[in-house]
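Data first, discussion second: the structure below is written as structure tokens.
Residue numbers (full-length UniProt numbering): 1 to 302.
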């Protein structure tokens, strides 16, 4: 990685000293692409080592890679380097938190995650918001309430941005919704304030694996009768039923989750029939097409 950084620095210096012609530009672009592939492969290898060895690998990482990886994450670094460095630390938090190895990194990493969650580059932003989700899931023991609140606010800014759901941004936004759900699970204070706004972002569709995960979060919160999500008088349950109707029969839900969702719908039908009576008059009901409405009815009454 250090050699790659040196090669890129040399090319950048050469470009500053002499403007390349068209043929040289093509050569430079090809070399840059190969460097990105190299870095991507290194990141994947490091992640595999962390997954296999957990914190036992960290002394090797710290001796050989930590310094250059931190340098790659600085604001002056190019987008692909920042994204790659974030991915390395995402893996570190995911695989080295259970045995405590990640703890010493959290304080220095969190400001980068918060800053880059708002980055203009979609790959940088996605790596950062994914990292906040990893922190909430695996590094929660190292996050105080204030840090959790900071993360939740950052995720809300991502998903409520005017361009959040454009084609280019939707995958990063899906990951931010997932991270926000994990933060809601951590903190009742966050859940009380953020759950209604979280629910409005559902269903997800851009990142299929993340969509299934988040829709599973939704089902789990309903199964637990989470009052912050449902509302004290179940006032948000009609909206949840509509979300379930939107995902049934799609690739945004797997077989196991389908069984759980259908079971929940039948429970609502049996125990809270007045909720289902409110569904057709809910503003979100118009989001369901005729096929989805029939599928929802079949799931409830079948």
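Cβ coordinates follow ideal geometry from the N, Cα and C atoms, glycine included.
### residue 112 to residue 200 span [Cα, whole Å]
Mapped onto the chain shown, residue 112 falls at position 112. Mapped onto the chain shown, residue 200 falls at position 200. Cα-Cα distance, rounded: 27 Å.
### Message
Tell me the DSSP secondary structure of residue 169 in three-state form.
### Response
On the chain shown, position 169 is the one that residue 169 refers to. Coil, per DSSP.
### Query
What is the residue span of the alpha helix (DSSP H) that residue 56 lies within?
The residue labelled residue 56 in the question sits at position 56 within the chain shown. Unbroken run through residue 56: none, as it is neither H nor E.
### Message
My assumption, with CB atoms under 8 Å, is that residue 173 sits in contact with residue 164. Please give the rounded CB distance.
### Response
The sequence position of residue 173 within the chain shown is 173, counting from 1. The sequence position of residue 164 within the chain shown is 164, counting from 1. Indeed they touch by this definition, with Cβ atoms about 4 Å apart.
### Message
Spatial neighbours of residue 208 within its chain, please: C-beta separation below 8 Å, excluding the five flanking residues on both sides.
### Response
Start at 1 with the first residue of the chain shown, and residue 208 comes out as number 208. Within the same chain, residue 208 has close Cβ partners 251 and 252.
### Message
Can you list, in chain order, the residues of its chain with a C-beta nearer than 7 Å to that of residue 238? Leave out the 5 residues immediately preceding and following it.
### Response
Indexing the chain shown from 1 puts residue 238 at position 238. So the list reads 275, 278, 279 and 282, once near-sequence residues are dropped.
### Task
Please name the residue, chosen from 100, 98, 99 and 106, that lies closest to residue 86 on a Cα-to-Cα basis.
Against the chain shown, residue 86 aligns to sequence position 86. Residue 106 is the option with its Cα nearest to residue 86.
### Query
When burial is assigned at 16 or more other CB atoms within 10 Å of the CB, is residue 263 buried or exposed?
Locating residue 263 in the chain shown gives position 263, where the first residue counts as 1. By the 10 Å Cβ count, residue 263 comes out exposed.
### Query
From residue 140 to residue 26, what distance separates their C-alpha atoms?
Counting from 1 along the chain shown, the entry for residue 140 is found at position 140. Counting from 1 along the chain shown, the entry for residue 26 is found at position 26. Cα to Cα, the separation comes out at about 46 Å.
### Message
Which of the three DSSP states is assigned to residue 121 in this structure?
### Response
Sequence index remark: in the chain shown, residue 121 carries index 121 (1-based). Coil, per DSSP.
### Message
Would residue 181 and residue 218 be called neighbours here (beta carbons separated by less than 9 Å)?
### Response
Against the chain shown, residue 181 aligns to sequence position 181. Against the chain shown, residue 218 aligns to sequence position 218. Taking 9 Å as the Cβ cut-off, residue 181 and residue 218 qualify as a contacting pair.
### Query
Quick one: is residue 154 buried, meaning 16 or more other Cβ sit within 10 Å of its Cβ, or exposed?
By 1-based counting over the chain shown, the position of residue 154 is 154. Answer is buried; the Cβ neighbour count reaches 16.
### When 150, 284, 120 and 122 are compared against residue 132, the one with the closest alpha-carbon
Position 132 of the chain shown, counted from the first residue, corresponds to residue 132. Looking at the Cα atoms, 150 is the closest of the given residues.
### Message
Using 8 Å for Cβ pairs, my map puts residue 58 next to residue 101. What's the rounded Cβ distance?
### Response
Within the chain shown, the letter at position 58 stands for residue 58. Within the chain shown, the letter at position 101 stands for residue 101. Going by Cβ atoms, the distance from residue 58 to residue 101 rounds to 5 Å, so yes, they are a contact pair.
#### Entry: Cβ-Cβ distance between residue 210 and residue 175 below 9 Å
Position 210 of the chain shown, counted from the start, is the residue given in the question as residue 210. Position 175 of the chain shown, counted from the start, is the residue given in the question as residue 175. Contact: yes.
### Spatial neighbours of residue 122 in its chain, beta-carbon cut-off 7 Å, leaving aside the 5 residues before and after
Numbered from its first residue, the chain shown carries residue 122 at position 122. Only 168, 169 and 172 meet the Cβ criterion.
### Task
Using a threshold of 9 Å, state whether the C-beta atoms of residue 229 and residue 286 are closer than that.
Stepping through the chain shown from its first residue, residue 229 is reached at position 229. Stepping through the chain shown from its first residue, residue 286 is reached at position 286. Not closer than 9 Å, so no.
### Query
Where does residue 283 fall in DSSP's three states?
As a working note, residue 283 is residue 283 in the chain shown. In the structure shown, residue 283 sits in a helix (DSSP, three-state: H, G or I).
### Query
Which of helix, strand or coil does DSSP assign to residue 183?
Taking the chain shown and counting its residues from 1, one reaches residue 183 at position 183. Note: residue 183 maps to helix in three-state DSSP.
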